[in-house]
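A short worksheet on the structure shown next.
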Amino acid sequence: MTINFEYDDVKASARLEELATKKLEKLEDKYDFIVRADVFFKKENTSSPNTGLICNIRLSAPGPRLFAESNNGKFEMGIAASVEELERQLEKRKGKMKTH
1330 MTINFEYDDV KASARLEELA TKKLEKLEDK YDFIVRADVF FKKENTSSPN TGLICNIRLS
1390 APGPRLFAES NNGKFEMGIA ASVEELERQL EKRKGKMKTH
């Protein structure tokens, strides 16, 4: 699986990339049909300190692309929330693949 990182209005961070890579590799170990992951980090101006840091993750796998987005006060929380959402979607996809 290849992982691409994009930053919009955010400084590139090796620590964030490492954290996202670890979590995505765990997903790949469980779901070996994942081909590629695109991770987007974006900063948005908001009035709340608990939001504004957005983490989008898009996975390429057989069938339609999987996508998850989270808006938190920390990118670390955003990565965790997005990966959890993708895991739910992957579980569904895996179930559909078995029935065909």
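Counting in this note's numbering, the sequence shown runs from 1330 upward without gaps.
For glycine and all other residues, C-beta sits at the position ideal for the given N, C-alpha and C.
- In the three-state reduction of the DSSP assignment, K1403 falls in the coil class, being assigned neither a helical nor a strand state.
- By the 16-neighbour rule on beta-carbons within 10 angstroms, A1366 is buried.
- For I1408, the three-state secondary structure derived from DSSP is helix.
- In this model, A1343 and E1416 are separated by some 24 Å (Cα to Cα).
- Close CB contacts of K1352 within its chain, under the 8 Å cut and outside five residues either way in sequence, are with I1408, A1409, V1412 (chain order).
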